[in-house]
Ligand SMILES: Cc1ncc(C[n+]2csc(CCOP(=O)(O)OP(=O)(O)O)c2C)c(N)n1
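Protein chains in written order, with our numbering: chain S, 883 to 1216; chain W, -6 to 422.
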C-alpha cells in the first residue's frame, strides 16, 4: 500500500468498528478527497457518515467540536495544512481546552487529518509545515507518520484517542519514500517493507518514537519526509548514526531520545518547517536540559529557512542532502 | 427521567446531506433551472434603498435574449466598438487559457487554472470599472488583466516563474499581482481578499478619494468566515465596494449545494446584511457589464456596497490537478442552459450586423498567433525548473523590508550550500 491507501484503510477499519466515527471535509465525499485519501468511504458507509462540507475551515473544526461533545468521533480533513489557519481559533481556544475548562464534562475527540510539507511545487499556500504552531498549544496532540505502516497504525490510535489530535500527512511521501535528491527517479512504497500494510486493525501507540536505524556515533531526530532524507544522507556518509523517527511530537517520547543521545553524545535535529521557534528549538532545549553532560558537540538543527515557501526556488529552500551533510560535518567534528 | 419517556414518542431526527442532480454516467436535464426571460427584471435607480429591491437578489438580470437581441431596462446600450473589444478580450482570454493549459501539460510550469465559460464575468467588469479602481480578484479573473490590456508576456513570465517574473518566482503560477493595473496580489487562501477589498474601499472613502474597490470569489468560498466579516464591515461603513460571487456551480468536486444553494441564492446573502443584491446571468456579457456599472455608480455616489451573483458554469476542470470526469456528468458543460458567453456576444454582434463568422474565425486565428508570440517571448526568459529563474539570493528578498541577521545568516548558508552542491545557480551580485 502507499501512504494514501494506508490512511484510507485506517479510516475504513475504524468506521467499520465504531459507528460513531464520521469523516468530513472539503471534497471528501463522493469524490474521495483531492488526494483520494477518503476514496470509497462514502459508497461504503453512506452520506450520513462521510460527507462534503462547506468551504469553511473554522466551520469544519467548530462543527467537529460540537459532534465530539455529542459523543461522535469526527475525522475532519483540512485539504491542505496551509488552510488550517482559519480554523485556529476553534482548534486552539476551543478543541484544545474543552476537557480542561469543563473539568471533563465535555471532550473533543477529533482527529484532524491534513496533508503538509513541500517538495511538490505547491508555492507558498500548498507547502507549509505548521506543526510547531500546534505543539505550542496545550491540549492537542500532534502526530506525523513517515511510512504507510505507521500512518495506518497511528491514525487508528488517534481516532481511538479521546483528545483532539492533529494528524499531519507528509504529502511528498504519499506515493513513495523520498531521499531528498529531487532530480532522482521517485521510489514506490510497494518496494519498501513499510509499504506492507495489514488490511485489518492494528495500532501504534501515540507518544512512542521508532528507532529506524540503530547506531553509536550520533542521534538524528526527524519526522515525516525528513526521516527518509536523513536515512539516505546517513547511508551516503557512512556514519554509524542512530536515526529516530519521532512519530508523535506531542506527547513526545522523551525516554527514547534521552537514552539515545546519552549513548551517542551527539544530536542532529531535522525538520522542514521554518527554523525560528520551530519544533527543533524545543527538541534542542530538551536534549540540552537532559543530556548536557553527555554532549560532545553542540546540537545541530537542520531546517527550512525563515521565509515563506518559494515556488521556483523550492529546492533551495528544502532541507536536502547538502544542508544535512554540512550540518553532519559540524556535529561530527571532535 | 421524564424527558426519556417523552423522547420515546418522538420521531427520530435525520441528517440531510445534499447531493447534486447528476453524477458521472447520468443524463443531464437542466429544465429545473429557473431562467426568467431576458429584459424582464426591473432596474432600480442607483439611489434607491437596498430594501426596496430585495426581489432582485432572487431574479436574474439578463439582457441578451434567445434571438440574440439586447433587450430590457438593463441593456447598457454599448457601442458596437465597445462590444467588439469585449468580444476580442474574451476570446483572447480563452486563447491564453488554452495555450497555458497546454504549457502546463508540456511540463513548462507546475500548475494552471482556466476560466472557460466564465470569461464574461471578469472581462465585462473590467470594461465597466474605471482603470483606477482596485480589483481584489480570486484565481479565475485573468480576464481583468487581459481586458485591461496588461502584457501577456508579463503574465506568462509569472506562470513560468522565470527570470523576468515580476513576483520573483515566489508565487504559485496564475497568482498574479499587478499594482499598476489595479490588480491586487492573489492569495491561495480562499476569500481572504474579501475583507481586504472592503478595507481598501473604506480607506478610499475616508480619504475622500473617488476610486472604488471590487472583489471576486467563488460560490464555494462564500462559506468562509472572511466573506461574512467583509459583508458586515461593508454594510456598517457603507464601503464603496462591489462583491462579486462567481457561482459556477462547482467548487472542485463539491456542487453549489454545499455552499447553501439549495436554500437560497448567493445574491440573497446581501439581504441579511442590508446590502444591495443582484443576481445576473454571468454568461451574458452585457448583463454583467450593466450590473457592474450600476453597482459602481452606487458605490461612487456613497450608496454603499453591492453584492452581485454571477450565475454561470465552470466548463472545464477546476485546475490542471483536477479531473471533473470523476465527479460530474460529462454532459453538463454542453447542456448548461445559459450557453457560452463568447458565442452569445458574437451572435448578438452578428444579429445587429456588426460582426460576421468570417471575421470571428480570422480573429480567433490572430489571437492564437498573438498568444503564441507572447509565449515565445516569455520562454526566452525561461520556464519552470530550467535554470533561467531569479537569482538564488532573491529567495530571501521580501520577507521583511530589510534583511535581519538571522535571514542574512541563512542566506549565506544557502549560497554556501549551492556551491557545495556543485550546481551553483545564478546570483544577484
Ligand atoms: C482557505 C482555503 N481552503 C481550501 C482551499 C482549497 N481550495 C482551492 S479552490 C477550492 C474550491 C473553491 O471553489 P469556489 O469558491 O466555488 O471557486 P471556483 O474554483 O469554483 O472558481 C478549494 C476548496 C483553499 N485554497 N483555501
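We put the beta carbon where it would ideally sit given N, CA and C, even for glycine.
* **Where residue 324(W) falls: helix, strand or coil (DSSP)** => Here residue 324(W) is taken as the residue at index 331 of the second chain, counted from 1. Here residue 324(W) sits in coil by DSSP.
* Environment of residue 288(W) [buried if 16+ CB atoms lie within 10 Å] -> Along the second chain, one-based indexing puts residue 288(W) at 295. Buried, since its Cβ has 16 or more Cβ neighbours within 10 Å.
* Asked: Less than 7 Å between the CB of residue 239(W) and some heavy atom of ligand 1, yes or no?
  -> If you number the second chain from 1, residue 239(W) lands on position 246. It does: the Cβ of residue 239(W) is within 7 Å (strictly closer) of some heavy atom of ligand 1.
* Evaluate the contact criterion for the segment 1101 to 1111 of chain S versus the segment 1138 to 1149 of chain S: three or more CB pairs, one atom per stretch, below 8 Å. => yes
* **residue 331(W) beta carbon less than 8 Å from that of residue 241(W)** => Position 248 of the second chain, counted from the start, is the residue given in the question as residue 241(W). Position 338 of the second chain, counted from the start, is the residue given in the question as residue 331(W). The answer is no: Cβ separation not under 8 Å.
* Asked: Rounded to whole angstroms, how far is the Cβ of residue 475(W) from the Cβ of residue 80(W), which I believe are closer than 8 Å?
  -> The requested residue 475(W) is not part of the displayed model; chain W covers only -6 to 422.
* Asked: First and last residue of the alpha helix (DSSP H) that includes residue 233(W)?
  -> For the purposes of this step, residue 233(W) is taken as residue 240 along the second chain, with counting starting at 1. Run containing residue 233(W): none; DSSP gives neither H nor E here.
* To do: Quick one: grab the DSSP three-state call for residue 274(W).
  => Walking along the second chain from the start, residue 274(W) turns up at place 281. It is a strand residue.
* For the beta strand (DSSP E) containing residue 209(W), list its first residue and its last residue. => The residue labelled residue 209(W) in the question sits at position 216 within the second chain. That run of the beta strand (DSSP E) goes 206 to 211.
* Closer than 8 Å to chain A by CB, residue 1198(S) -> No chain A is present in this structure, whose protein chains are S and W.
* Count the CB pairs spanning the segment 7 to 20 of chain W and the segment 28 to 37 of chain W that are closer than 8 Å, and state whether there are at least three. => no
* Asked: Should residue 997(S) be listed as close to ligand 1, given that the test is whether its C-beta is under 7 Å from any heavy atom?
  -> Here residue 997(S) refers to the residue found at position 115 when the first chain is read from its first residue. No, since every heavy atom of ligand 1 falls outside the 7 Å radius drawn around the Cβ of residue 997(S).
* Please confirm if residue 99(W) has its CB atom under 8 Å from at least one CB of chain S. => Against the second chain, residue 99(W) aligns to sequence position 106. Not an interface residue.
* 3 or more residues per run - each beta strand (DSSP E) lying fully within the segment 313 to 399 of chain W -> none
* Asked: What three-state label does DSSP hand residue 906(S) in the structure shown?
  -> Translated into positions along the first chain, residue 906(S) becomes position 24. If DSSP states are grouped into helix, strand and coil, residue 906(S) belongs with the strands.
* residue 220(W) versus residue 1147(S) - alpha carbon distance -> In the second chain, counting from the first residue as 1, residue 220(W) sits at position 227. In the first chain, counting from the first residue as 1, residue 1147(S) sits at position 265. Each residue's Cα considered, the two are about 54 Å apart.
* Would you say residue 97(W) touches ligand 1, meaning its beta carbon is less than 7 Å from a heavy atom? -> Taking the second chain and counting its residues from 1, one reaches residue 97(W) at position 104. Incorrect: residue 97(W) has no Cβ contact closer than 7 Å to ligand 1.
* To do: Give the straight-line distance between the Cα atoms of residue 905(S) and residue 1091(S), rounded to the nearest whole angstrom.
  => On the first chain, position 23 is the one that residue 905(S) refers to. On the first chain, position 209 is the one that residue 1091(S) refers to. Cα-Cα distance, rounded: 27 Å.
* Asked: When the Cα atoms are used, what is the spatial distance from residue 988(S) to residue 947(S)?
  -> What you label residue 988(S) is simply residue 106 of the first chain in a count that begins at 1. What you label residue 947(S) is simply residue 65 of the first chain in a count that begins at 1. Answer to the nearest angstrom: the Cα atoms are 10 Å apart.
* Near ligand 1: residue 244(W) beta-carbon under 7 Å from a heavy atom -> On the second chain, residue 244(W) is found 251 positions in, with the first residue counted as 1. Within the cutoff, so yes.
* If you measure beta-carbon to beta-carbon, which residues of the segment 165 to 188 of chain W are closer than 9 Å to chain S? -> 165, 166, 168, 180, 181, 182, 183, 184, 185
* Asked: Does DSSP put residue 138(W) in a helix, a strand or coil?
  -> In the second chain, counting from the first residue as 1, residue 138(W) sits at position 145. Residue 138(W): helix per DSSP, three-state reduction.
* To do: Out of 991(S), 986(S), 885(S), 1013(S), state which residue places its alpha-carbon closest to the alpha-carbon of residue 1132(S).
  => For the purposes of this step, residue 1132(S) is identified with residue 250 of the first chain, where counting begins at 1. It is 1013(S) whose Cα lies nearest to the Cα of residue 1132(S).
* Any idea if residue 317(W) is buried or exposed, counting beta-carbon neighbours within 10 angstroms, 16 or more meaning buried? -> Numbered from its first residue, the second chain carries residue 317(W) at position 324. The residue in question, residue 317(W), is buried, as its Cβ has 16 or more Cβ neighbours within 10 Å.
* Asked: Any heavy atom of ligand 1 within a distance shorter than 7 Å of the CB on residue 179(W)?
  -> Position 186 of the second chain, counted from the first residue, corresponds to residue 179(W). Not so, every heavy atom of ligand 1 lies at least 7 Å from the Cβ.
* So what's residue 1154(S) in DSSP terms, helix, strand or just coil? -> The count along the first chain starts at 1 and reaches residue 1154(S) at position 272. Looking at residue 1154(S) - three-state DSSP - the assignment turns out to be strand.
* Where residue 128(W) sits in the DSSP three-state scheme -> The sequence position of residue 128(W) within the second chain is 135, counting from 1. DSSP places residue 128(W) in strand when its eight states are reduced to three.
* **For residue 950(S) and residue 982(S), believed in contact at Cβ under 8 Å, the rounded distance** => By 1-based counting over the first chain, the position of residue 982(S) is 100. By 1-based counting over the first chain, the position of residue 950(S) is 68. At roughly 14 Å, the Cβ-Cβ gap does not stay under 8 Å, so residue 982(S) and residue 950(S) are not in contact.
* Asked: If you pair each beta-carbon of the segment 170 to 182 of chain W with each one of the segment 383 to 396 of chain W, do three or more pairs fall below 8 Å?
  -> no
* Asked: Measuring from the CB of residue 325(W), is there a heavy atom of ligand 3 at a distance below 7 Å?
  -> Because ligand 3 does not appear in the structure shown, any question about it cannot be addressed here, the ligands present being ligand 1.
* Asked: Counting contacts by CB-CB distance shorter than 8 Å, is residue 864(S) in contact with chain W?
  -> Lying before the first or after the last residue shown, residue 864(S) is absent from chain S, which here runs from 883 to 1216.
* Could you name the residues of chain S that residue 377(W) contacts, counting a contact when the two beta carbons are closer than 9 Å? => Numbered from its first residue, the second chain carries residue 377(W) at position 384. Going along chain S in sequence order, the residues near residue 377(W) (Cβ under 9 Å) are 1003, 1193, 1194.
* Going by the beta-carbon positions, is the gap between residue 1039(S) and residue 1087(S) smaller than 8 Å? -> Translated into the one-based positions of the first chain, residue 1039(S) becomes position 157. Translated into the one-based positions of the first chain, residue 1087(S) becomes position 205. A contact, by the Cβ cut-off of 8 Å.
* Pair within 8 Å by beta-carbon distance, residue 1007(S) and residue 1025(S) -> The residue labelled residue 1007(S) in the question sits at position 125 within the first chain. The residue labelled residue 1025(S) in the question sits at position 143 within the first chain. Contact flag unset, no.
* Just the Cα atoms here: how many angstroms apart are residue 195(W) and residue 177(W)? -> The count along the second chain starts at 1 and reaches residue 195(W) at position 202. The count along the second chain starts at 1 and reaches residue 177(W) at position 184. When rounded, the distance between both Cα atoms is 16 Å.
* Tell me residue 247(W)'s beta-bridge partners as DSSP assigns them. => The sequence position of residue 247(W) within the second chain is 254, counting from 1. DSSP, once it has assigned bridges, lists 244(W) as partnering residue 247(W).
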